[in-house]
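Trainee:
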Amino acid sequence: EAELERLRLVADREPVLADALDRLEDDRERVRDQAREIAEALAAHRAHNARLTTDRTRLHTRLTTAAPETVGEVALPAPEEVDGAAVSAAEKEAVDGRVVLGAAEEELRRLERVVAGEPRLAAELRALGQERTELEEQGRRIAARLAASRTRHEELSGDAGRLSARLDQARGGDATLTDRLSRLTDEAELLREALEASRAAYVAAGELEQATEAAGRAAAEAGFADVREAEEAYRSPAEREEKAELLRRLDDQHAAVTGLLADPELVAAAAEPEPDLTAAEAGRDAAEEAYTRLASERDRAAARAERLAELREELIARIERWRPAAERHRLAERLAALASGTSGDNQWNMSLTSFVLGERLRQVVDAANERLDHMSAGRYLLRHDLRKTVGSRARSGGGLGLKVADGWTGVDRDPATLSGGESFITSLALALGLADVVTAEAGGAEIGTLFVDEGFGTLDEDTLDDVLDILDGLRDGGRAVGIVSHVGELRTRIPTQLKVTKTRRGSTIAR
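Note that the working numbering gives residue 1117 to position 384 of the sequence shown, counting from 1, and the numbers run on in steps of one.
1) Looking at V1098: is its Cβ nearer than 8 Å to the Cβ of G1166?
2) Does DSSP put S1129 in a helix, a strand or coil?
3) Using alpha carbons as the reference points, say which of P970, R950 and A971 lies closest to E962.
4) Beta strand (DSSP E) containing F1184: first to last residue?
5) Quickly, what does DSSP pair A1213 with across the bridge? List them, please.
6) Taking DSSP's pairing of strands, which residues face K1232 in a bridge?
7) How about L1114 and A1138: do their beta carbons lie closer than 8 Å?
8) Do Q1230 and R1237 have their C-beta atoms closer together than 8 Å?
9) For the 8 Å Cβ check, are there 3 or more pairs between the stretch 1044-1063 and the stretch 1086-1102?
10) Just to confirm the assignment, what range does the beta strand (DSSP E) spanning H1117 have?
11) Compare the Cα-Cα distances from L1192 to each of R1212, A989 and E1222 and report the closest residue.
12) Excluding the five sequence neighbours on either side, which residues of its own chain have a C-beta within less than 6 Å of the C-beta of G1124, listed in chain order?
13) Hey, could you find the ends of the beta strand (DSSP E) R1054 is sitting in?
14) Helix, strand or coil: which one does DSSP assign to V1144?
15) At the level of alpha carbons, what is the spacing between E1103 and W1055?
16) Is it buried or exposed for V1170, if we count other Cβ within 10 angstroms and need 16 for buried?
17) Classify G992 as buried or exposed, calling it buried when 16 or more other Cβ atoms lie within 10 Å of its own Cβ.
18) Following the continuous beta strand (DSSP E) through G1134, name the residue where it begins and the one where it ends.
19) Counting only beta-carbon separations shorter than 8 Å, does L923 have a partner in chain B?
20) Pick helix, strand or coil for D1193, following the three-state DSSP scheme.
21) Can you tell me the Cα-Cα spacing of P1006 and A1028, whole angstroms?
22) Keeping to the same chain, check which residues put their C-beta closer than 6 Å to that of A1162; ignore five residues upstream and five downstream.
23) Just checking my contact of L1094 with H1117 at CB under 8 Å: how many whole Å lie between their CB atoms?
24) Can you tell me which of the three DSSP states S1152 falls into?
25) Kindly list the residues whose CB is nearer than 8 Å to the CB of Q1080, restricted to its own chain and excluding five residues on each side of it in sequence; keep chain order.
26) Looking at the unbroken alpha helix (DSSP H) that takes in F1088, where does it start and where does it end?
27) Under a Cβ-count criterion, where at least 16 other Cβ atoms within 10 Å of its own Cβ denotes burial, should S1152 be classed as buried or exposed?
28) Rounded to the nearest angstrom, what separates F1157 and G1143 at their Cα positions?
29) Closest to V1217 by C-alpha separation, out of L1183, T1196 and D1199, would be which residue?
30) Would you kindly check if the distance between the Cβ of V1214 and the Cβ of L1204 is under 8 Å?
31) For E802, I'd like the list of residues in its chain whose CB is within less than 6 Å of its CB, leaving aside the five on either flank, ordered along the chain.
32) Which residue's Cα is closest to the Cα of V1200: G1016, N1082, E1155 and M1108?
33) Which term fits A827, buried or exposed, when burial requires 16 or more other beta carbons within 10 angstroms of its beta carbon?
34) Please list the terminal residues of the continuous alpha helix (DSSP H) segment that includes E1007.
35) Return the chain-ordered list of same chain residues with a C-beta closer than 6 Å to the C-beta of T1241, the five sequence neighbours on each side being excluded.
Shown next as structure tokens:
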């Protein structure tokens, strides 16, 4: 729009520029005419000066020829003294001519007096008189020509002043007329170019107007309100290609939908009564909500699947790194299970600790049987059993089991089947056997004091005697044996006693 406005302004200025160009052409022609007139005047002036010079020379020659003897005198100048040019030279020659003429007349009168009486001189005098007449006539002609030259000189001086003024006017601010002509020529060329540009702009403005009208008609034919709306609807080639691709997809979808709508079932469904739109909209909303929820769940599931795939790859890599350690762990686990007695390869379910302790238990059993045989009157003996004892609450498996060999029945009994007194003497035998084994393992250091707590009340009289005999044997061997019991018979059998009496204020000990 700015360019169009500028072109319109140029078109509006075209008449003004054309007038200015015409005036410039007139000024240039006028200056050329003035220069031509000045050149002609100068040529005429030079020709006139040349004629004056020629006349002066001819007059000088004739004067010199007429009176050679007077040349060089005061009244008549010498030829080498005659000088000058233009109007001033002509005036000087005219004055000199009059002087020469006066001198010639004086000389003629002198000669007339000299040769008055001589015929030859008379003839010469007549000739000189005739020549004088001619010279006078020539002097009059020269005077007339001089007056005409002076008048012409004045006219030429005035013309020269006027021409100089016209030259100054024509030259203007330029140094010379040639410079002004060159500048005016350049300006005329620029004005011509501007005129051509304005004409081209005018033509372009017309073409623009036509194009605008054509664009408006094309926009209206295309269904747009105006050109601006059409410009706003313009799309780049890439956008048009994208829209074309979208249209192709929509056409494909339309074709698919059209084919789907042509399905007989859909046609039959369309013939059915109009459905409940409210319910359909509610169903649609529910379906959209379900779709949104399922899409969200699908996205989460996809993200989880992707994450699981990543974790799977990571797990596989870690399993590959873990596999050697797993093999070592499996071996260690088997060894640990074997050592703990929980392995299937361990037929006795015997832990390594039980295996080690089993050997010690066998030693304790051997030491205990020496006393149990006496205390049970030869009926019972303990036997180390690799199987787990029935009723045992130990976490380990076998290896530490005990059986009681009943010499009367010939049956190995479980210790749990013994009576209270039998259990007491068996436990006492084991305790005493353990003390013997510990003493042997400790490098001969004996256990000097033993305390036996309760259990005596469950023994019959014979068994109690056997037990006390064993304890007396220990005492005779240098050991101190303490018995904690409520059995009254023991008070008569044991001389050294400590009696503990309990009251509300505490317990007291008496001997």
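Note that CB positions come from ideal geometry on N, CA and C, so glycine has one too. All figures in this text were calculated on a predicted structure; none of them were measured in a lab.
Mentor: The answer reads as follows:
1) Here residue 1098 refers to the residue found at position 365 of the sequence shown. Here residue 1166 refers to the residue found at position 433 of the sequence shown. A contact, by the Cβ cut-off of 8 Å.
2) Within the sequence shown, residue 1129 is the residue found at index 396, counting from 1. Only weak support exists for where S1129 lies, its pLDDT of 48 falling under 50; the value from the coordinates is given anyway. Three-state DSSP puts S1129 in coil, outside helix and strand.
3) Here residue 962 is taken as the residue at index 229 of the sequence shown, counted from 1. The candidate whose alpha carbon is nearest that of E962 is R950.
4) By 1-based counting over the sequence shown, the position of residue 1184 is 451. It spans T1182 to D1186 - the beta strand (DSSP E) in which F1184 sits, taken as one unbroken run.
5) Within the sequence shown, residue 1213 is the residue found at index 480, counting from 1. Partner(s): T1182.
6) Looking up residue 1232 in the sequence shown gives position 499. The partner list for K1232 (beta bridge, DSSP) reads A1243.
7) In the sequence shown, the residue the question calls residue 1114 occupies position 381. In the sequence shown, the residue the question calls residue 1138 occupies position 405. Cβ atoms of L1114 and A1138: closer than 8 Å.
8) Translated into positions along the sequence shown, residue 1230 becomes position 497. Translated into positions along the sequence shown, residue 1237 becomes position 504. Taking 8 Å as the Cβ cut-off, Q1230 and R1237 do not qualify as a contacting pair.
9) no
10) By 1-based counting over the sequence shown, the position of residue 1117 is 384. That run of the beta strand (DSSP E) goes Y1113 to D1118.
11) Here residue 1192 is taken as the residue at index 459 of the sequence shown, counted from 1. Comparing Cα positions, the closest option is E1222.
12) What you label residue 1124 is simply residue 391 of the sequence shown in a count that begins at 1. Confidence at G1124 is low in this model, with a pLDDT of 48, below 50, so its placement is unreliable and the value that follows should be read with caution. Hits under 6 Å: A1149.
13) Here residue 1054 corresponds to residue number 321 of the sequence shown, with the count starting at 1. First-last for R1054: L1010 to S1073, but that is the alpha helix (DSSP H), not the beta strand (DSSP E).
14) Position 411 of the sequence shown holds residue 1144. V1144: strand per DSSP, three-state reduction.
15) The sequence position of residue 1103 within the sequence shown is 370, counting from 1. The sequence position of residue 1055 within the sequence shown is 322, counting from 1. Whole-angstrom Cα-Cα distance: 57 Å.
16) To locate residue 1170, count along the sequence shown from 1; it is residue 437. The residue is buried, with at least 16 neighbouring Cβ atoms inside 10 Å.
17) Stepping through the sequence shown from its first residue, residue 992 is reached at position 259. Exposed is the call here.
18) Within the sequence shown, residue 1134 is the residue found at index 401, counting from 1. From DSSP, the beta strand (DSSP E) with G1134 extends over G1134 to D1139.
19) Of the chains in the structure shown, none is chain B; there is only one protein chain.
20) In the sequence shown, counting from the first residue as 1, residue 1193 sits at position 460. Coil.
21) In the sequence shown, the residue the question calls residue 1006 occupies position 273. In the sequence shown, the residue the question calls residue 1028 occupies position 295. Each residue's alpha carbon lies about 33 Å from the other.
22) For the purposes of this step, residue 1162 is taken as the residue at position 429 of the sequence shown. So the list reads A1101, R1104 and L1105, once near-sequence residues are dropped.
23) Taking the sequence shown and counting its residues from 1, the one referred to as residue 1094 is at position 361. Taking the sequence shown and counting its residues from 1, the one referred to as residue 1117 is at position 384. Going by Cβ atoms, the distance from L1094 to H1117 rounds to 6 Å, so yes, they are a contact pair.
24) In the sequence shown, residue 1152 corresponds to position 419, counting from 1. If DSSP states are grouped into helix, strand and coil, S1152 belongs with coil.
25) Taking the sequence shown and counting its residues from 1, the one referred to as residue 1080 is at position 347. Contacts found: none.
26) As a working mapping, residue 1088 is identified with position 355 in the sequence shown. Its alpha helix (DSSP H) spans residues L1085 to M1108.
27) Reading the sequence shown from its first residue, position 419 is the one you call residue 1152. Exposed, because fewer than 16 other Cβ atoms sit within 10 Å of the Cβ of S1152.
28) Residue mapping note: residue 1157 aligns to position 424 of the sequence shown, counting from 1. Residue mapping note: residue 1143 aligns to position 410 of the sequence shown, counting from 1. Straight-line Cα distance between these residues: approximately 21 Å.
29) Along the sequence shown, one-based indexing puts residue 1217 at 484. Among L1183, T1196 and D1199, the Cα nearest to that of V1217 is on L1183.
30) Counting from one through the sequence shown, the residue named residue 1204 turns up at place 471. Counting from one through the sequence shown, the residue named residue 1214 turns up at place 481. Yes, Cβ-Cβ distance for L1204 and V1214 is below 8 Å.
31) As a working mapping, residue 802 is identified with position 69 in the sequence shown. Note that E802 scores 42 on pLDDT, short of 50, meaning its location in the model is unreliable; the coordinates nonetheless yield the value given after this. Excluding residues within five positions, none has a Cβ falling inside 6 Å.
32) On the sequence shown, residue 1200 is found 467 positions in, with the first residue counted as 1. Answer by Cα proximity: M1108.
33) Within the sequence shown, residue 827 is the residue found at index 94, counting from 1. Per-residue confidence for A827 stands at a pLDDT of 49, beneath the threshold of 50, marking its modelled position as unreliable; the derived number appears in the next sentence. Label assigned to A827: buried.
34) Position 274 of the sequence shown, counting from 1, holds the residue named residue 1007. Per DSSP, E1007 belongs to no alpha helix (DSSP H) and is neither H nor E.
35) Along the sequence shown, one-based indexing puts residue 1241 at 508. Excluding positions up to five away in sequence, the list reads T1234.
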